[in-house]
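Numbering (the numbering used here), first residue to last: 291 to 532. No residue lacks a Cβ here, since even glycine has one placed at the ideal position from N, Cα and C.
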Amino acid sequence: MTIRFPADRPDRRRVMRLAAGLWLGFGTPFSVFAQHAGHGAGHGAGHGAGHGAGHGATPAQPPAARPDPLAGRFGGAFTLTRQDGQRVTERDFLGRHMLVYFGFTRCTDTCPIDMPMIATALDRLGALADRVTPVFVTVDPEDSPAVLRDYLAGLHPRFVGLTGTEAELAAVARIYRVHRRQLAVAPQSGRQTHHHQHGGGFTIDHGSLAYLMDAKGQFVTLFPHATGADRYAEVLARYLGP
């Protein structure tokens, strides 16, 4: 079976630039950093104005908090099939946070690194893990519900796997700005297969960010590829607690 992915995909470099703007310093979300910086600027301005007020100076007003540049850029409506065969939409996930990761079951590069880290972080969260639903969305329409079920069973019982038709997967990738493209691979005797080698003789190149959405389905923050389990647990606890 030949799968042709649409050419109109999000600009990978643009999304990564946005992610870099969000993940500052030691992984501090941009919105938190901006609010902290805004508070410092306001305090400094007010402090200086206070000294000059007795000399006829007009007290400065603290600047407004900077808006999150990534707000509203990720997420939206989708209809997909869960690993148990049930059809679900984004509305079925409302009421608790959702950690969304895109990959596919035959991936041998990014997914084997990130998925176990997420699973370990869930264990380290303890009771807080009940407040987030980890969701694995395949980028490969050949990943059937049964294939997803078997794949996720070896990772963590809380994982929800989602698949769909090519059109459905293209739509959900689009609203999360996930790049995905099929690359043909010529068989080479004695050579190691491509890191995203697919059993059908092609590879799937895909984005490797994880997206944290809140209980209302709104974007919260991003996790870059190869984020460690401790960092996942630390950031998730910040948003899920107390």
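Between MET388 and PRO447, the C-beta gap is not smaller than 9 Å, which leaves the two residues out of contact. In the structure shown, the three-state DSSP call for PHE364 is coil. Of all C-beta pairs linking the stretch 435-449 to the stretch 391-409, three or more are shorter than 8 Å, placing the two stretches in contact. Using a Cβ distance threshold of 9 Å, ALA523 and LEU512 do not count as a contacting pair. Taken atom to atom, the span from the alpha-carbon of ARG464 to that of ARG470 is near 10 Å. Closest in alpha carbon position to THR517, among SER498, ALA417, ALA460, is SER498.
Looking only at GLU380, THR369, GLY375, CYS401, the smallest Cα-Cα distance to LYS506 is reached by GLU380. Residue MET405 holds the alpha-carbon nearest to the alpha-carbon of PRO514 among GLN373, THR453, PHE368, MET405. Closest by C-alpha distance to ILE408, out of ASP399, PHE383, GLY454, TYR391, is TYR391.
Counting every other CB atom within 10 Å of its CB across the protein chains shown gives ARG528 a total below 16, marking it as exposed.
Separation of LEU384 and THR455 (C-alpha to C-alpha, rounded to the nearest whole angstrom) is 23 Å. Distance from the CA atom of GLY451 to the CA atom of ARG377, rounded to whole angstroms, is 11 Å.
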